[in-house]
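Inspection log for the structure reproduced underneath, given as structure tokens.
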Amino acid sequence: MTGSRSKNRPTKGPTNCFDCQHHFITHQPSHPYGCRRFGFKGPHLPSRTVFLETGMKCAYYEPSQKPVKGRRPTGSNGRLA
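Per our numbering, the sequence shown starts with residue 6, numbered consecutively.
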């Protein structure tokens, strides 16, 4: 057996909403976290709310696209004006 982990294997522990493309910060003190896919805001991370309500992990978790290290953004060529 190899020591590598499969990408399709479910992860242990809670889903990290900060790595999901649907997660956003609302800047409202009473409801600071939101999920665009489920369409709600709340005082807890959306993955926790989903787990408390359904008893299952978030079905809509999608990892966000991380910028490639060392690459410059395209389009502006670094110019400000």
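We treat Cβ as the ideally placed atom computed from N, Cα and C, and that holds for glycine.
Check	Outcome
Per DSSP, what are the beta-bridge partners of Tyr38 in this structure?	Ile30 and Gly47
Suppose the cutoff is 7 Å on Cβ atoms and the five residues either side in sequence are ignored; what does the same chain contact list for Glu67 look like?	Cys25, Gln26 and His27
Does the Cβ-Cβ distance between His36 and Pro48 come in under 8 Å?	yes
Run the CB neighbour count on Leu50, radius 10 Å, all protein chains shown included, and call it buried at 16 or more, exposed below.	buried
Just checking my contact of Phe29 with Arg41 at CB under 8 Å: how many whole Å lie between their CB atoms?	6 Å
Here's a check: name, in chain order, each residue in its chain whose Cβ is nearer than 6 Å to the Cβ of Pro34, leaving out the five neighbours to either side.	none
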